[in-house]
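Visitor:
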Ligand code: GRF
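Residue numbers (the working numbering): 467 to 678.
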């Protein structure tokens with residue numbers, strides 16, 4: 467069975483959606499860059515090993531990245547899953563796990579890379595917003611896209627209501643992307659990911675389609 471390590475920074479709801487999805491993976495550890503991340507307790511409650519490598523203990527980004535990589539490698543994961551991990555990772559780190567490092571981002575990339583995606587979506591007046599699972603590459607939030615889900619932006623939306631609607635979709639698409647990843651179904655060709663689902667239904671707001 468493939469092994470994954472999940473990196474979090476906060477409440478860890480995406481992590482929980484992965485843990486609760488009955489994926490054919492061994493979750494070797496959940497690691498946070500914050501000792502007080504609420505998600506660490508939730509992971510421990512499910513019997514998963516946890517640890518914290520606090521970025522504030524390191525003088526430079528490179529030193530933190532190196533310590534984090536060393537800790538990750540202790541668990542010999544096949545894949546590293548960023549689930550609400552709120553630190554930018556340097557090129558050495560990203561390249562060390564090239565093709566093995568996934569992230570979820572709360573926007574329809576390449577729109578709204580970076581932070582405050584829901585506020586910016588409201589400010590720009592977009593009518594459709596969503597979330598993206600992508601491979602991590604050197605350019606922030608620009609790696610090859612695995613799956614996206616779209617939601618409508620309503621006139622009554624606030625940052626919070628929009629974030630809630632998007633998060634619900636994050637919890638659907640991230641476990642699915644990991645299922646494909648560990649099954650060896652994702653082929654990266656340039657900046658495109660081929661998944662190879664025969665007879666995929668059309669006309670959906672999730673691309674590729676996944677069952678409800
Ligand atoms: C999610 O919206 C994720 O996409 C973003 O930060 C949030 C983390 O939420 N990067 P959680 O910790 O998974 O609940």
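Glycine included, every Cβ here is placed at the ideal spot set by N, Cα and C.
(1) Skipping 5 residues on each side, what residues in its chain have a beta carbon closer than 6 Å to that of residue 517?
(2) By alpha-carbon positions, which one of 619, 609 and 575 ends up nearest to residue 589?
(3) Can you confirm whether the segment 566-578 touches the segment 510-527 when touching is taken to mean that 3 or more C-beta pairs between the two stretches lie within less than 8 Å?
(4) Buried or exposed for residue 699, please, with buried defined as at least 16 other CB atoms from any protein chain shown within 10 angstroms of its CB.
(5) Could you tell me the boundaries of the beta strand (DSSP E) in which residue 598 lies?
(6) Identify which residue in 566, 526 and 549 has its Cα closest to the Cα of residue 637.
(7) If we ignore side chains and look at the alpha-carbon of each, how far apart do residue 530 and residue 593 end up?
(8) Given residue 604, which residues of its chain have a CB within under 8 Å of its CB, disregarding the five upstream and five downstream residues?
(9) How would you write the range of the alpha helix (DSSP H) that residue 511 sits in, first residue to last?
(10) Within the same chain, show all residues whose beta-carbon is closer than 6 Å to that of residue 609, passing over the 5 residues directly before and after it, in chain order.
(11) Excluding the 5 residues flanking residue 514 on each side, which residues of the same chain have their C-beta closer than 6 Å to its C-beta?
(12) Hey, how far is the Cα of residue 539 from the Cα of residue 585?
(13) For residue 583, count neighbouring Cβ atoms within 10 angstroms of its own Cβ and tell me buried if that reaches 16, exposed if not.
(14) For the ligand GRF, is there a heavy atom less than 7 Å away from the beta-carbon of residue 735?
(15) Given this structure, state the Cα-to-Cα distance separating residue 545 from residue 644, to the nearest angstrom.
Guide: Short version:
(1) 497
(2) 619
(3) Between the segment 510-527 and the segment 566-578, the count of Cβ pairs shorter than 8 Å is below three; the stretches do not touch.
(4) No information on residue 699 is available, as it lies outside the stretch 467 to 678 that the chain covers here.
(5) 594-601
(6) 549
(7) 39 Å
(8) 557, 560 and 561
(9) 504-511
(10) 600, 601, 602 and 603
(11) 493 and 496
(12) 36 Å
(13) Here residue 583 is buried. Its C-beta has 16 or more other C-beta atoms within 10 Å.
(14) There is no way to answer for residue 735, as the model of the chain reaches only from 467 to 678.
(15) 9 Å
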